[in-house]
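Undergrad: Would you mind keeping the following structure in view while I ask a few things?
In this note's numbering, the protein residues as written are 75 to 229.
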């Protein structure tokens, strides 16, 4: 909105601008009704930008972010897409899902391309990982069972 503040200085104009961009799905008839209310100065028209934002939230905001995030993560699938797209989905929907790190890793493994997952879990073992022998390191183990890797000594 800040780029248009010089052109749309009052809140009424700013609200009308936003409503003019609402053209798809259920938003269109709602926006048309709100535009008509504002132009006819109906009592039900929002008087402030904050009132308008509150109406938008009531009308269109997701009432249960956690369930929606779970659903979106459950249907996520890498397929032939780059893994970056899948990671982006998890970055967006992971925090509101409240799955936690272990739950997100488990879900990520389930939706990762099977060939990529196979190549990750069957990498040749390194001979030495920061003081911990890599032989026997099973990435499928629960996190608490993995050996800890000592941190390097500070200089």
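Glycine included, each C-beta is placed from N, C-alpha and C at the ideal position.
(1) Three-state secondary structure (DSSP) at residue 133?
(2) Out of 166, 129, 86, 127, state which residue places its alpha-carbon closest to the alpha-carbon of residue 113.
(3) How many whole angstroms separate the CB atoms of residue 186 and residue 152, which I take to be in contact at a CB cut-off of 8 angstroms?
(4) On the DSSP letters alone, give me the boundaries of the alpha helix (DSSP H) that residue 152 sits inside.
(5) For the putative contact between residue 89 and residue 120, defined by C-beta atoms under 8 angstroms, what is the C-beta separation to the nearest angstrom?
(6) Could you give the residue range of the alpha helix (DSSP H) that holds residue 115?
(7) Please tell me whether residue 190 and residue 157 are closer than 8 angstroms, where the distance is taken between their beta carbons.
(8) CA-CA distance, residue 180 and residue 168?
(9) Please look up how many angstroms separate the CB atoms of residue 150 and residue 160, rounded, as I've assumed it's under 8 angstroms.
TA: The structure says:
(1) helix
(2) 86
(3) 6 angstroms
(4) From DSSP, residue 152 is part of no alpha helix (DSSP H); its letter is neither H nor E.
(5) 6 angstroms
(6) That residue, residue 115, is in no alpha helix (DSSP H); it is neither H nor E in DSSP.
(7) yes
(8) 12 angstroms
(9) 6 angstroms
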